[in-house]
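Asks: Residue numbers for the sequence shown follow the numbering used here, beginning at 36 and rising by one.
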Amino acid sequence: MDIFRDQVFAPDVRAIRDLVQGTGFFTAEECVMAGDLAVERLEKGPGSGYHFLFLGPAGDFSAYACFGPCCCAPGSFDLYWIAVRDDRRGQGLGSRILAAAEARMKDMGCRKIWVETSSRSQYDPTRAFYQARGYAQEAVLADFYGLGDSKIIYSKTL
């Protein structure tokens, strides 16, 4: 059975980048950035504003989430990343890590979670995932990521 943990360890940086890259959804730059958030957490601790939840041991986890409070918006949190290792997809790990992250955010004073994703058809399952878990579409920012690739913003009230 997998175990949740919230502490970030140095081997997690490379593992985050590899996991995110393995999904096939993100650019090389985005994969580096995902790991950079863990580096910032390692360097600054909770003061970084980035909080992590992992399903599995350091450097070899099956899923993770990164979230944090929105600046100047008390009670609002961004869910920055949620990803499941490609070979573990379809086993309910995304639902488990999301539910655990939501519980952690609520314990930290969150009342509303915000999530952003792409409008590209590749992200149809991602949008369906959030909608099935109670997230409501709040806005569409046309052509945000590029021509024909809009940003879709979802929220969930806890």
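C-beta atoms are modelled at their ideal positions from N, C-alpha and C, and glycine is treated no differently. Keep in mind the model is a prediction, meaning the values are calculated, not measured.
Quick one: measure Cβ to Cβ for TRP149 and CYS106, integer angstroms, because I've assumed they're closer than 8 angstroms.
Replies: Contact doesn't hold; Cβ gap of about 12 angstroms is too wide.
Asks: Quick one: is SER156 near chain C, going by C-beta distance under 9 angstroms?
Replies: The chain labelled as chain C is not found in the depicted structure, where only one protein chain is given.
Asks: For the structure I just gave you, are there three or more beta carbon pairs, one from the stretch 48 to 63 and one from the stretch 73 to 84, closer than 8 angstroms?
Replies: yes
Asks: Tell whether a beta-carbon distance below 9 angstroms holds between ILE132 and TYR165.
Replies: no
Asks: Could you round the C-beta distance between ASP169 and CYS145 to whole angstroms and report it? I think they count as a contact, below 8 angstroms.
Replies: As written in the sequence, residue 169 is Gly, which differs from the Asp given in the question. Taking 8 angstroms as the upper bound for CB-CB distance, GLY169 and CYS145 are not in contact here, some 14 angstroms apart.
Asks: Can you look up THR192 in the DSSP assignment and give me helix, strand or coil?
Replies: When DSSP states are grouped into helix, strand and coil, THR192 belongs to the strand group.
Asks: Give the range of the alpha helix (DSSP H) segment to which ALA118 is assigned.
Replies: First-last for ALA118: 111 to 119, but that is the beta strand (DSSP E), not the alpha helix (DSSP H).
Asks: Determine the DSSP secondary structure at PRO92, reduced to helix, strand or coil.
Replies: coil
Asks: With DSSP collapsed to three states, give me the class of THR62.
Replies: coil
Asks: Considering only DSSP beta bridges, list what ALA69 is partnered with.
Replies: For ALA69, which the question treats as bridged, DSSP gives no partner whatsoever.
Asks: Would you mind stating whether ALA93 and PHE39 have Cβ atoms separated by less than 9 angstroms?
Replies: no
Asks: Kindly indicate which residue of LYS186, VAL119 and ALA118 has the alpha-carbon position closest to the one of GLN172.
Replies: LYS186
Asks: Check whether the stretch 149 to 161 touches the stretch 175 to 186, taking contact to mean three or more Cβ pairs, one atom from each stretch, closer than 8 angstroms.
Replies: yes
Asks: Can you have a look at GLN42 and say buried or exposed, based on whether 16 or more other CB atoms are within 10 angstroms of its CB?
Replies: exposed
Asks: Could you give the distance in angstroms between the alpha-carbon of LEU54 and the alpha-carbon of ASP121?
Replies: 8 angstroms
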